[in-house]
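Structure record follows, encoded as structure tokens.
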Amino acid sequence: MNENITPNVPPGTTASHGGLHTGHDGNGHGHDDHHHKQSFVSKYIFSMDHKTIAKQFLITGIIWAIVGGLFSVLFRLQLAYPDETFPILETFFGRWAKGGQIQPEFYYALITMHGTVLVFFVLTGGLSGTFANLLIPLQVGARDMASPFMNMLSYWFFFLASVVMFSSLFVQTGPASGGWTSYPPLSALQGAAEGSKIGMDLWIVSMALFVVSSLLGGLNYIATILNMRTKGMSMTRMPLTMWAILFTAILGVLSFPVLLSGFILLLFDRNLGTSFYLSDIVLNGQILPNEGGSAILYQHLFWFLGHPEVYIIILPAMGLVSEVMSVNARKPIFGYMAMVGSLLAITILAFLVWAHHMFVSGLNPFLGSVFVLLTLLIAIPSAIKVFNWITTLWRGNIRFTPGMMFSIGFVSMFISGGLTGIWLGNSTLDIHLHDTYFVVAHFHIVMGVSAFFGMFAGVYHWFPKMFGRYLNNTLAYIHFWVTLVGAYLIFWPMHYQGLAGVPRRYVDFRLWSSFNHFTDLNKMITVVSIIVFAVQLMFVFNFFYSIFKGRKVRSTNPWGSNTLEWTTPINPGHGNWPGEIPEVHRWAYDYGKDGRDHIMQTEPLNPNETKH
Amino acid sequence: MSTTWIVIALILGFVIVFQIAKASEYVSILKGEEKTRKENNRINAFLLLAFLIAGLFGVWYCNYRLAGKILGEAASNHGERIDNMLYITLAITGIVFVLTQIGLFWFSFKYQEKEGQKPLYYPHNNKLELIWTVIPAITLTVLVGYGLYYWFQITGEAPKDSMVVEVTGKQFNWEYRYPGKDGMFGKRYYKEVNEAASNPLGQLWDDPANHDDIYTTGEMHIVVGKPVKLIIGAKDVIHDVGLAHFRMKMDAVPGIPTTMWFTPKFTTRQMRDKYGPDFNYEISCDQMCGKGHFSMRGTIVVETQAEYNAWLATKQPQYLAAKGNAPAGADTTGLKPVTPASATDTTRPVAVLTTTN
Chain A
3 MNENITPNVP PGTTASHGGL HTGHDGNGHG HDDHHHKQSF VSKYIFSMDH KTIAKQFLIT
63 GIIWAIVGGL FSVLFRLQLA YPDETFPILE TFFGRWAKGG QIQPEFYYAL ITMHGTVLVF
123 FVLTGGLSGT FANLLIPLQV GARDMASPFM NMLSYWFFFL ASVVMFSSLF VQTGPASGGW
183 TSYPPLSALQ GAAEGSKIGM DLWIVSMALF VVSSLLGGLN YIATILNMRT KGMSMTRMPL
243 TMWAILFTAI LGVLSFPVLL SGFILLLFDR NLGTSFYLSD IVLNGQILPN EGGSAILYQH
303 LFWFLGHPEV YIIILPAMGL VSEVMSVNAR KPIFGYMAMV GSLLAITILA FLVWAHHMFV
363 SGLNPFLGSV FVLLTLLIAI PSAIKVFNWI TTLWRGNIRF TPGMMFSIGF VSMFISGGLT
423 GIWLGNSTLD IHLHDTYFVV AHFHIVMGVS AFFGMFAGVY HWFPKMFGRY LNNTLAYIHF
483 WVTLVGAYLI FWPMHYQGLA GVPRRYVDFR LWSSFNHFTD LNKMITVVSI IVFAVQLMFV
543 FNFFYSIFKG RKVRSTNPWG SNTLEWTTPI NPGHGNWPGE IPEVHRWAYD YGKDGRDHIM
603 QTEPLNPNET KH
Chain B
10 MSTTWIVIAL ILGFVIVFQI AKASEYVSIL KGEEKTRKEN NRINAFLLLA FLIAGLFGVW
70 YCNYRLAGKI LGEAASNHGE RIDNMLYITL AITGIVFVLT QIGLFWFSFK YQEKEGQKPL
130 YYPHNNKLEL IWTVIPAITL TVLVGYGLYY WFQITGEAPK DSMVVEVTGK QFNWEYRYPG
190 KDGMFGKRYY KEVNEAASNP LGQLWDDPAN HDDIYTTGEM HIVVGKPVKL IIGAKDVIHD
250 VGLAHFRMKM DAVPGIPTTM WFTPKFTTRQ MRDKYGPDFN YEISCDQMCG KGHFSMRGTI
310 VVETQAEYNA WLATKQPQYL AAKGNAPAGA DTTGLKPVTP ASATDTTRPV AVLTTTN
């Protein structure tokens, strides 16, 4: 039934696609979603509309971000005020904060959950899940995903993973506490830590569910982008968001299964007496029978996803920023093909650098040297992207919408954090800097804060498309400035702590004559992080308030954008376009061409224009 | 109580900010949304420029405040190489950092929306893109070249005349073994570990090389100016021997021995003269190992050969302790749980972990 409007959809996908929403007559005459009533459940809960699923991912991500952020505030309290007591903590957390002080087991549970939640549930599920779902059909010109049902399952597996992870916070022995990387034997031996008991099993189960969600989503994203582009939407006419999401999905589909295999072996070692990761262990005087396993094997399996994972986080942010930046500079993105090429280069290299996390694990130094070379190669496509963003701003006519502010902030953060990657990717420097605060500073800036900035840019820019209303601008600017300044105040000085060799994952430095001289700095960082956290809560408030009470959007194309999502009605129904899906005649970046402010992708070329 | 007040203050502050934000939205509608938007644009453009200047000043100020707090001079030969690499990398990335940040914020400010300003349609320029592909590539080649040159020096074979110390990590402390007069470590097998029988490392007593090996814990002694090779292992989970002053680090992995070597340049006493009487070379565990991770502290005493010899002379080989204690100790003390299998197992183990020099 859809052949006549999406001619490039192969028959295989059409069947599943067309069968799902009977409301579309597909011939473009007066399609109207309102004439068949959807129940509350099918519209808002078990919805197969990609836009609703995107909102579900976003809101779940926001809830997790509050939880993960709150955890960081709690452990920062401990780092800044090791001598003081906070009775309120004991009220809430009982024996985990005995006497109002955060106990070591609690501290390690907090950092583990902070990392797991933010890396996977917020910056992977929340970021990719939201913008891949929202933007793919809207920007390539499709009625919905290739398989809306699988898409729905993707969210509900994510939800299930969330429930399991959340429930692990409440078990008697506490959640997993071996760090977000969960290296065995610490994570494999029940007796090695409180968090290695049932909390660890729940962690693995939750992560396995998360991988399932991520694969269901990823396959759908790839299938939709490759097969369901509207007429005229050649690959090189797609906005960069689509390229970024395509590469992200490919990375995820190829690397998440390896992580899952690593987790399954870990589950076996924990519960079935196998020795994949275990050998020669005497735990608390008890001699274990396991011999012949390799603890390092897990690290290879983990980082084979773990490293691509950081690109799974940052690529969508890069895509969002490229799009938002071009729209608001009123200029085409500079070097479109170079941007696509560098995304591709990053995607390929992402698979070839994992062992740079293991330079000091006893890895063969020759192997290490290969990984140094491959790792530093990533700096080249990253540098190209930065220079191209800066050139996009050059001689533009820039509108500082909140989305644009966060895009500029993203580039600044990406430069700062990316450059320290050149330090850490160099094995010689990594010997000294490995597992110190330098690493904490590096990855928080380059993938934590940067990815959040990309996500905020996306939320502020596409909020009108999601909810038909604007977010409050004043709160948005406060949000941006406090977050940008705060993020630098928090993470920049940590580089110095790292250069001093201060190890990460220490509850307390009072024992150490080499590391105990940063007390004032630790206090400053904690105070700033509380302020930044409070401002994020303000953003959350702005978000929910504006869904219902925000200023209404009155034009279908509020930012003067070229891409297809702005050709839909202000509140698009299921199926996105009431009539036919528009045909595309040009690339997404004709801003400022031939003296015109912008030319939509749907506008045919005039006879003397060259094709793109 | 104060927590409650802070929460109340935060909520109040938020309510005020929110009211202002809401009011400003109404004001903007009254004034004309386009006019307000342009005003906001100018303010934010100015703030971006201000942020650039304040930020660059902040980078300088942070360095001014904290540069003195990072560990002074590297205390090993490898540490010097690492510090050299660090300065080369700092110089290159520092220049790129300043230039790109200035470009980003300055262009943002300069090309803010203005009446009559036409943005340039400038989709690509192959020459420019080639330049900024090739220049980073050359720069990175330099960094990789230096890096690997140092890396192979640091991870290469230890000199023949190195002294050797074996380091074993366990939750949550460090154990050391010295090879004794014969310069050889005896064989170990983890199933022979028996604290009650004074055999914490699982040494095999029928290997004569074990009879003069010396076991200590807490403090490691090494000799200034003499290369030292550490053979590193762990009993339970992964640990990491972190030696910040020497700029060295290596994981301790159960079942897979690792090594590293370096030459200490200054004795502990020299360092105390320089950095105060509290100075200690500390061994930090740099790999998450459980609830006591943060307290897994060891120290290294760097001393002259004579001092080292004198210290070593006070130590008894562990063999003597084990032979003196084992039969009685095993019967009477039940302090450490020992699995029955290992306590009664008298047969020679099939697989033996050898850590001979």
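These protein sequence lines map, in sequence, to chains A and B. Counting in our numbering, the first sequence runs from 3 upward without gaps. Counting in our numbering, the second sequence runs from 10 upward without gaps. For glycine and all other residues, C-beta sits at the position ideal for the given N, C-alpha and C.
Residue i to residue j, Cα distance in whole Å?
i	j	result
Met237 of chain A	Leu113 of chain B	29 Å
Glu175 of chain B	Val232 of chain B	15 Å
Ser368 of chain B	Val310 of chain B	This structure cannot settle anything about residue 368 of chain B, because the visible part of chain B is limited to 10 through 366.
His284 of chain A	Asn203 of chain B	The identity of residue 284 of chain A in the sequence shown is Val, whereas the question assumes His. Spanning the two alpha carbons is a distance of roughly 10 Å.
Ile101 of chain B	Ile240 of chain B	36 Å
Val124 of chain A	Trp320 of chain B	56 Å
Lys525 of chain A	Tyr439 of chain A	15 Å
Phe95 of chain A	Tyr328 of chain B	49 Å
Val68 of chain B	Ile47 of chain A	48 Å
Phe389 of chain A	Pro383 of chain A	10 Å
Thr612 of chain A	Tyr593 of chain A	15 Å
Asp599 of chain A	Val342 of chain A	24 Å
Ile400 of chain A	Thr308 of chain B	58 Å
Gly30 of chain A	Tyr472 of chain A	A caution first: Gly30 of chain A carries a pLDDT of 39, below 50, which makes its placement in the model unreliable, though a value can still be read off. The straight-line gap from Cα to Cα measures roughly 30 Å.
Ile64 of chain A	Gly227 of chain B	47 Å
Ala83 of chain B	Met415 of chain A	31 Å
Leu56 of chain B	Thr177 of chain B	55 Å
Thr150 of chain B	Leu157 of chain B	10 Å
Gly117 of chain A	Trp182 of chain A	5 Å
Residue i: which of the options sits nearest, CA to CA?
i	options	result
Ile424 of chain A	B:Leu152, B:Asp287 and B:Ile79	B:Leu152
Phe249 of chain A	A:Ile350, A:His446 and A:Val75	A:Ile350
Val451 of chain A	A:Lys53, A:Val43, A:Gly71 and A:Ala590	A:Gly71
Phe454 of chain A	A:Val329, A:Gln58, A:Arg272 and A:Gln538	A:Gln538
Ser215 of chain A	A:Gly264, A:Ala163 and A:Ala194	A:Ala163
Asn49 of chain B	B:Phe118, B:Ala18 and B:Ala63	B:Phe118
Leu607 of chain A	A:Asn573, A:Ala56 and A:Arg588	A:Arg588
Thr62 of chain A	A:Ser149, A:Phe168 and A:Ser41	A:Phe168
Gly180 of chain A	A:Pro574, A:Asn366, A:Trp305 and A:Phe108	A:Phe108
Between residue i and residue j, is the Cβ-Cβ spacing less than 8 Å?
i	j	result
Ala352 of chain A	Phe373 of chain A	no
Arg397 of chain A	Tyr131 of chain B	yes
Glu585 of chain A	Thr565 of chain A	no
Ile433 of chain A	Phe361 of chain A	yes
Leu280 of chain A	Leu267 of chain A	no
Met602 of chain A	Thr569 of chain A	yes
Gly299 of chain B	Phe181 of chain B	yes
Phe493 of chain A	Ala443 of chain A	yes
By DSSP, does residue i sit in helix, in strand, or in coil?
i	result
Glu293 of chain A	coil
Cys71 of chain B	helix
Ile223 of chain B	strand
Met457 of chain A	helix
Thr356 of chain B	Its pLDDT being 39, under 50, Thr356 of chain B is placed unreliably by the model, and nothing is read from it.
Glu201 of chain B	helix
Tyr508 of chain A	coil
Val250 of chain B	strand
Ile283 of chain A	coil
Leu239 of chain B	strand
Val232 of chain B	strand
Ser85 of chain B	strand
Glu611 of chain A	coil
Asp397 of chain B	Only positions 10 to 366 of chain B appear in this structure, which leaves residue 397 of chain B out of reach.
Could you check if residue i belongs to the surroundings of the ligand FAD, using beta carbon to heavy atom distance under 7 Å?
i	result
Ala67 of chain A	Summarising the ligand content, the structure contains no ligands, and the ligand FAD is consequently not present.
Interface positions of the region 203–228 of chain B facing chain A (Cβ-Cβ less than 7 Å), listed along the chain: Glu204
Contact residues within the region 464–483 of chain A, judged by C-beta distance below 8 Å to chain B: Answer in chain order: Asn474, Asn475, Thr476, Leu477, Tyr479, Ile480 and Trp483.
Taking only beta carbons into account, state which residues of the region 496–518 of chain A come closer than 7 Å to chain B, listed in chain order. Tyr498, Leu501, Ala502, Gly503, Pro505, Arg507, Tyr508, Val509, Asp510, Leu513, Trp514, Ser515 and Ser516
Can you give me, in chain order, the residues of the region 91–111 of chain B that have a beta carbon less than 7 Å from any beta carbon in chain A? If the cut-off is 7 Å between Cβ atoms, the region 91–111 of chain B has Ile91, Met94, Leu95, Thr98, Thr102, Val105, Phe106, Thr109 and Gln110 near chain A.
Report the residues of the region 406–418 of chain A with a CB closer than 8 Å to any CB of chain B, ordered along the chain. Close to chain B, meaning a Cβ-Cβ distance shorter than 8 Å, are the following residues of the region 406–418 of chain A: Met407, Ile410, Val413, Ser414, Ile417 and Ser418.
Residues, ordered as in the chain, of the region 572–586 of chain A that lie near chain B by beta-carbon distance below 7 Å: none
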